[in-house]
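*Asks:* Let me begin by handing over the structure; questions about it come next.
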Amino acid sequence: MDKELVIVLDFGGQYNQLIARRVRDMNVYCEVLSYTTPLDELLAKKPVGIILTGGPNSVNLPDSPQYDKGLFEAGIPVLGICYGAQLMAWTLGGNVEPAKVSEYGKTDITVSNGSTILEGVSEHTVGWMSHRDYISAVPEGFKITASTAVCPAAGMENDEKKLYAVQYHPEVTHSVEGDKVFKNFLFKVCACKGDWKMDDFAETTIQAIREKVGTGKALCALSGGVDSSVAAVLMSKAIGKQLTCVFVDHGLLRKDEAESVDKVFGPEGPYDLNFVHVDAHERFYEKLKGVTEPEQKRKIIGEEFIRVFEDEAKKIGAVDYLVQGTIYPDVIESGLGKSATIKSHHNVGGLPDYVDFKEIIEPLRMLFKDEVRRVGLHLGIPEELVFRQPFPGPGLGIRIIGDVTEEKVKIVQEADAIYREEIAKAGLARDISQYFAALTNMRSVGVMGDARTYDYAIALRAVTTSDFMTADSAQIPWEVLQKITNRIVNEVDHVNRVFYDCTSKPPGTIELE
Ligand code: XMP
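Residue numbers for the sequence shown follow the working numbering, beginning at 743 and rising by one.
Pasting the structure below:
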C-alpha cells in the first residue's frame, strides 16, 4: 500500500482498535501491530507516525511488554497513550510508580505549558482515565503539558524529538476533546495529508482478488449479515461465477432469518450468484449437546462451520479459496493483535488448526464496521441489508446461557421476534444500535392462571453505541418494555419472567453469553 501509514503499536489495551478508528476517521490509513513486532520490521513499513497504546501491565514488572529504545530515536513522531505514555517515560529515563490513588473514568484535566499535541484543548477538560501507575518524573528534555488532582504528568512532550504522551485515553468518546489530540498528532506533527478513501478500497480489492484467484474457484461463507454479504458481493464482482456462496443454517438463527437470506441471495434475489443453502441444524445441535462454556461453544460452532464448508467444497470440487467476512475488530478482539482475548469471534479465533483450503481470503480484514458499510453502499447493496444490526456468527448459540437445546432455541427465537416487532412498532429501531433477547437459563417460580409455574427468564438487551467497543444500555420507555414483557410471558411457552439488562460495556459485553 503506497498510502501514508500510521502504526498503532498494541500493548494489549482494550481500546486499541478505537485508536485505529479515530485515525482512519481522519482519512489516514493505519494498521495495528503487536508490540512484539521487531523495530526493523516496523520501520520497513515507513510509517509517518506511531501510536503506543494502553495496556494492562505495569512497566516496573519484569515481564511487562517493552519496546526497543531505538523507536524513540528513529525520527518518527510517537504518541504514547496510557501504558504507552508510561513506557515512553520509563524507557527514556523518567520514573513510573504506582499512583497513590488509581484513576478510573471521567477525570478533570488541567492543560498547561503551550502543548503542541493539546493545542486547542480547553484549559480545563475531561479525559477518560484508567490507570494504577503514573509518571512521577518525566525524562530529560520533556515538559509536562497536563495534570490531574492525582497525576502530576497527565501529559508530557518533547517537541524537538516529536515525542508526545498523554496518560488519559483520547480515543474514548468520554474524553470530550479527544479528537483534537489525534488531529494535532496526525496533521500538525506527522504532516499527514489524509489520503485514505474508502471508494478506492473496493476497486483496488476487486483487482487484487482477480489477480490472486486467477481461474481458481472460491467458496464464500455467507451468513446474510452485513460483513459476509459485502464480502460476497465484492468477490462476485471480482470473479463472477467462479464463486459459490454457501449459507449454513446452523439452527441458531433468528426467527425467519433463513428465509430472508434466501430471498436476497437465492435465485429470486437481485444477484447472479451460485448460492447453496445447507440445513445443518442437526449437526450443530449434536456437537453442542451438554456444552455450557461460552468460549467452547464458539469454538465448536466455528469448527463445525468450517467442516460444513469443506463438505460443500468437496461437492463442488477443486475449490482453492475460502472467503470469510472477517472484519478488523474480529481480528483484534480475537487476540491476534496481542490485546487480552475477550472472546474468540468465530471468523478468526474459532478456526480449527487445520483447514482444508489452499487459502482463506478475508477481503474486509482491515476494515471497521462503518467502513464495511460504506463499501457496501458503494457496491450498490440495498440499504436495509447494509444497515442491519450485527448478529454474531455463533448466533443464538451464545445467546442461550448454559447448554443449547432445540427447545431453548425455539424459546429465544420467539421472544426475540416479539421484541423486534415491538421495538419496530414503537419506532425505536433506528435509535438502538443492537437489541436482542437472550435466554438466561435461570428458572424460577411464577404463577399463571392460579397455577404454579417453574420456567425460564428471558433477558432483553439493547445498547446504543457508535463503535461496538463501548456501549450504553438503551433507555427504552417503560411502557414499551412492559408491553414486550406481557407479550413474551403470554405468548412464549416456558417463560414466566423478563429482565432488562442495564449494564454498559464495559464492564459488560454487548452479547449476553
Ligand atoms: P461484544 O459482545 O463483544 O460484541 O461486546 C461486540 C459486537 O460484536 C458482535 N459479535 C460478533 N460478531 N462474530 C461476529 O461476526 C462473533 O463471533 C461475534 N461475537 C460478538 C456482537 O453482536 C456485537 O455487535
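For each residue, glycine too, the CB sits at the ideal point set by N, CA and C.
Bear in mind that the values here come from a model prediction, so they are computed numbers and not experimental data.
At which residues does the alpha helix (DSSP H) containing His866 begin and terminate?
*Replies:* No alpha helix (DSSP H) contains His866, which is instead part of the beta strand (DSSP E) from 866-879.
*Asks:* So Leu785 is in the alpha helix (DSSP H); what residue range does that whole segment cover?
*Replies:* It spans 781-786 - the alpha helix (DSSP H) in which Leu785 sits, taken as one unbroken run.
*Asks:* Using 10 angstroms around the beta-carbon of Met1190, count the other beta-carbons present and answer buried if the total reaches 16, otherwise exposed.
*Replies:* That one is exposed.
*Asks:* When the Cα atoms are used, what is the spatial distance from Lys1056 to Ile1102?
*Replies:* Their Cα atoms are separated by approximately 16 Å.
*Asks:* Comparing C-alpha positions only, which one of Cys934, Cys932, Val1234, Ser872 sits nearest to Val908?
*Replies:* Here the closest residue by C-alpha is Ser872.
*Asks:* Checking the sheet assignment: what are the DSSP bridge partners for Met898?
*Replies:* BP columns for Met898 point to Ile886, Ala907.
*Asks:* According to the neighbour-count rule (16 or more other Cβ atoms, all chains shown, within 10 Å of its Cβ), is Thr778 buried or exposed?
*Replies:* Exposed, since its Cβ has fewer than 16 Cβ neighbours within 10 Å.
*Asks:* Which of the three DSSP states, helix, strand or coil, is assigned to Pro840?
*Replies:* Here Pro840 sits in strand by DSSP.
*Asks:* What does a CB cutoff of less than 6 Å around Gly822 pick up in its chain, not counting 5 residues either side in sequence?
*Replies:* Leu794, Met830, Ala907.
*Asks:* Report the residue from Val1187, Lys979, Thr887, Ser1246 whose alpha carbon sits nearest the alpha carbon of Val1237.
*Replies:* The candidate whose alpha carbon is nearest that of Val1237 is Val1187.
*Asks:* Does the region 1197-1207 touch the region 1132-1139, meaning 3 or more C-beta pairs lie closer than 8 Å?
*Replies:* The answer is no - the region 1197-1207 does not touch the region 1132-1139, with fewer than three Cβ pairs under 8 Å.
*Asks:* Any contact between the region 1024-1040 and the region 929-948? By contact I mean 3 or more CB pairs, one from each, below 8 Å.
*Replies:* The answer is no - the region 929-948 does not touch the region 1024-1040, with fewer than three Cβ pairs under 8 Å.
*Asks:* Relative to the ligand XMP, is the shortest distance from any of its heavy atoms to the C-beta of Ile736 smaller than 7 Å?
*Replies:* Since the first and last residues shown for the chain are 743 and 1255, residue 736 lies out of range.
*Asks:* What span of residues does the alpha helix (DSSP H) with Ala1213 cover, start to end?
*Replies:* No alpha helix (DSSP H) contains Ala1213, which DSSP labels as neither H nor E.
*Asks:* Work out the CA separation of Gly958 and Gln1155 for me, nearest whole Å.
*Replies:* Their Cα atoms are separated by approximately 39 Å.
*Asks:* Which of the three DSSP states, helix, strand or coil, is assigned to Gln1176?
*Replies:* DSSP places Gln1176 in strand when its eight states are reduced to three.
*Asks:* May I ask whether a heavy atom of the ligand XMP can be found less than 7 Å away from the beta carbon of Lys1256?
*Replies:* Nothing in the structure corresponds to residue 1256, since the chain is present only between 743 and 1255.
*Asks:* Kindly identify the DSSP beta-bridge partner or partners of Asp991.
*Replies:* Paired residues: Asp1021.
*Asks:* Among residues of its own chain, excluding the 5 on either side of Val1128, which ones have a beta-carbon nearer than 7 Å to its beta-carbon?
*Replies:* Around Val1128: Val968, Arg1115, Gly1118, Leu1119.
*Asks:* Below 7 Å, is the gap between the Cβ of Gly1032 and the nearest heavy atom of the ligand XMP?
*Replies:* Not so, every heavy atom of the ligand XMP lies at least 7 Å from the Cβ.
*Asks:* In angstroms with no decimal places, state the Cα-to-Cα distance between Ser1081 and Val1065.
*Replies:* Because Ser1081 carries a pLDDT of 42, less than 50, the predicted location of this residue cannot be relied on, and the following value inherits that uncertainty. Approximately 25 Å between the Cα atoms of the pair.
*Asks:* Does the ligand XMP have even one heavy atom less than 7 Å from the beta-carbon of Pro789?
*Replies:* Flag unset: Cβ of Pro789 not near the ligand XMP.
*Asks:* Thinking C-beta only, is Leu1106 closer than 8 Å to Val1003?
*Replies:* No, these two residues do not count as a Cβ contact at 8 Å.
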